[in-house]
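With positions in the sequence shown counted from 1, the corresponding number in the working numbering is that position plus 210. For glycine and all other residues, C-beta sits at the position ideal for the given N, C-alpha and C. Structure record follows, encoded as structure tokens.
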Amino acid sequence: MSAFWHWFVVIITLGFTAAMVWLFIATGRAKVNKQPGGDEGETTGHVWDEDLREYNNPMPRWWLWLFYLSVAFALGYLVLYPGLGRYDGTLGWTQEKQYEAEMEQADEAFRAQFAELADQPIEQLTDNAEALRVGRNIFAHNCSTCHGSDARGAEGYPNLTDDHWIWGGAPQRVLESIQAGRQAVMPPLGDNLGEQEVTRTAVYVQQLAGKPVDASMAAAGEKLFQQNCAACHGPEGTGNIHLGAPDLTAGVYTYGGDLDSIRETIREGRNGVMPAQMELIGEIRTRLVTAYVLNLSQNDDAEN
């Protein structure tokens, strides 16, 4: 805030407050002349409906003192807290500091309440009802926007209820994905291959997943796959969890498994980002949500 606007706010605020105090004091000292032969006091001279008159009586004293107390409170507030331009107040309060303090208190209470769970291996947490209940709530608040309330994902967001893991499904690998995030990159190959070769490669990718395809197209696509895709996805198309290259033989597609979607993926490439959660929700919460996600995939396996 510039110096001009700082003083503009200060002068307007304090000037208006002083003017209101002066007005109440001035009007409170005004003398009221009584009507002869009565105790009603004088009127303003305004008359409505022939006999309805407005009296010029002073405000009740309790009303005036309530106003003075309000002014005193306001001035005290402006001294203690920010409210006058760039003035920070004697307490140094800010909404950011209050938010951080409240969040720290909430985190301390959370850590104290779930200290026992923090020391347990994730494999044990997947069978702990209390850990799963808390993990479900954490997932709903932090993960469901992308992966869905049922964790089954959407286009561009993996399904977390099955046993297909792009970056690995071991507890430590899933925890690492949640805490540190992931950056997956599928480079665009359209300019290098051309449209016809993109289609052949896409047909071969469908064949890897066991879909019925044109055999000649798939044979031509296999050669292109080995030349351009096998370095990441492997010569058999089974993927690489260390690179985030999905297993193409599983028939599970983050961006769609129809021919047009696969062609688009090969032609345009993909950039998937899983934001790191460690700094956002902390160690205990990431472990609990990891246990919840792993439990979802275990239950899905059991149902199938």
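Assign residue 481 to one of three DSSP states: helix, strand, or coil. As a first step, residue 481 is located in the sequence shown; it is residue number 271 there, counting from the start. DSSP places residue 481 in strand when its eight states are reduced to three.
In three-state terms, what does DSSP make of residue 215? Position 5 of the sequence shown, counted from the start, is the residue given in the question as residue 215. Note: residue 215 maps to helix in three-state DSSP.
Classify residue 313 as buried or exposed, calling it buried when 16 or more other Cβ atoms lie within 10 Å of its own Cβ. Counting from 1 along the sequence shown, the entry for residue 313 is found at position 103. Classification of residue 313: exposed, given that the 10 Å Cβ count is below 16.
Using 8 Å for Cβ pairs, my map puts residue 238 next to residue 270. What's the rounded Cβ distance? On the sequence shown, residue 238 is found 28 positions in, with the first residue counted as 1. On the sequence shown, residue 270 is found 60 positions in, with the first residue counted as 1. Between residue 238 and residue 270 the beta-carbon gap is near 10 Å, outside 8 Å, which marks them as no contact.
DSSP three-state assignment for residue 335, whether helix, strand or coil: Along the sequence shown, one-based indexing puts residue 335 at 125. Residue 335 carries a helical assignment under DSSP once its states are collapsed to helix, strand and coil.
Among 226, 452, 211 and 277, which has the Cα closest to the Cα of residue 376? Here the question's residue 376 lines up with position 166 in the sequence shown. Minimum Cα distance to residue 376 is reached at 452.
Quick one, are the C-beta atoms of residue 398 and residue 479 less than 8 Å apart? For this step, residue 398 is matched to residue 188 along the sequence shown. For this step, residue 479 is matched to residue 269 along the sequence shown. Yes, they are a contact pair.
Looking at residue 456 and residue 449, is the spacing between their C-beta atoms short of 8 Å? Position 239 of the sequence shown holds residue 449. Position 246 of the sequence shown holds residue 456. Taking C-beta atoms as the reference points, residue 449 and residue 456 count as a pair closer than 8 Å.
Beta-carbon proximity of residue 332 to residue 504, cut-off 8 Å: Translated into positions along the sequence shown, residue 332 becomes position 122. Translated into positions along the sequence shown, residue 504 becomes position 294. The answer is yes: Cβ separation under 8 Å.
Residue 227 beta carbon less than 8 Å from that of residue 281: Taking the sequence shown and counting its residues from 1, the one referred to as residue 281 is at position 71. Taking the sequence shown and counting its residues from 1, the one referred to as residue 227 is at position 17. Result yes, Cβ atoms of residue 281 and residue 227 sit closer than 8 Å.
So, at 6 Å on beta carbons, what are the nonlocal neighbours of residue 486 in its own chain, with the 5 sequence-adjacent residues on each side left out? The sequence position of residue 486 within the sequence shown is 276, counting from 1. For residue 486, where only same-chain residues beyond five positions count, the Cβ hits under 6 Å are 390 and 391.
Kindly list the residues whose CB is nearer than 7 Å to the CB of residue 436, restricted to its own chain and excluding five residues on each side of it in sequence; keep chain order. Counting from 1 along the sequence shown, the entry for residue 436 is found at position 226. Contacts found: 445.
When the Cα of residue 427 is compared with those of 415, 410 and 433, which residue comes out closest? Locating residue 427 in the sequence shown gives position 217, counting from the first residue. Minimum Cα distance to residue 427 is reached at 410.
Classify residue 432 as buried or exposed, calling it buried when 16 or more other Cβ atoms lie within 10 Å of its own Cβ. Along the sequence shown, read from residue 1 onward, the residue named residue 432 stands at position 222. Buried, because 16 or more other Cβ atoms sit within 10 Å of the Cβ of residue 432.
The alpha helix (DSSP H) enclosing residue 275, as first and last residue numbers: As a working mapping, residue 275 is identified with position 65 in the sequence shown. 271-290 is the span of the alpha helix (DSSP H), which, as asked, contains residue 275.
For residue 362, which residues of its own chain have a beta-carbon under 7 Å away from its beta-carbon, when the five flanking residues on both sides are left out? Sequence index remark: in the sequence shown, residue 362 carries index 152 (1-based). The answer, listed in chain order, is 369 and 371.
Mark residue 407 as exposed unless 16 or more other C-beta atoms lie within 10 angstroms of its C-beta, in which case mark it buried. One-based indexing of the sequence shown puts residue 407 at position 197. Residue 407 is buried by the Cβ-count criterion.
How big is the Cα-Cα spacing for residue 415 and residue 470? Within the sequence shown, residue 415 is the residue found at index 205, counting from 1. Within the sequence shown, residue 470 is the residue found at index 260, counting from 1. Computed Cα separation, rounded: 12 Å.
Cα separation between residue 307 and residue 439? The sequence position of residue 307 within the sequence shown is 97, counting from 1. The sequence position of residue 439 within the sequence shown is 229, counting from 1. Taking the Cα positions, residue 307 is about 51 Å away from residue 439.
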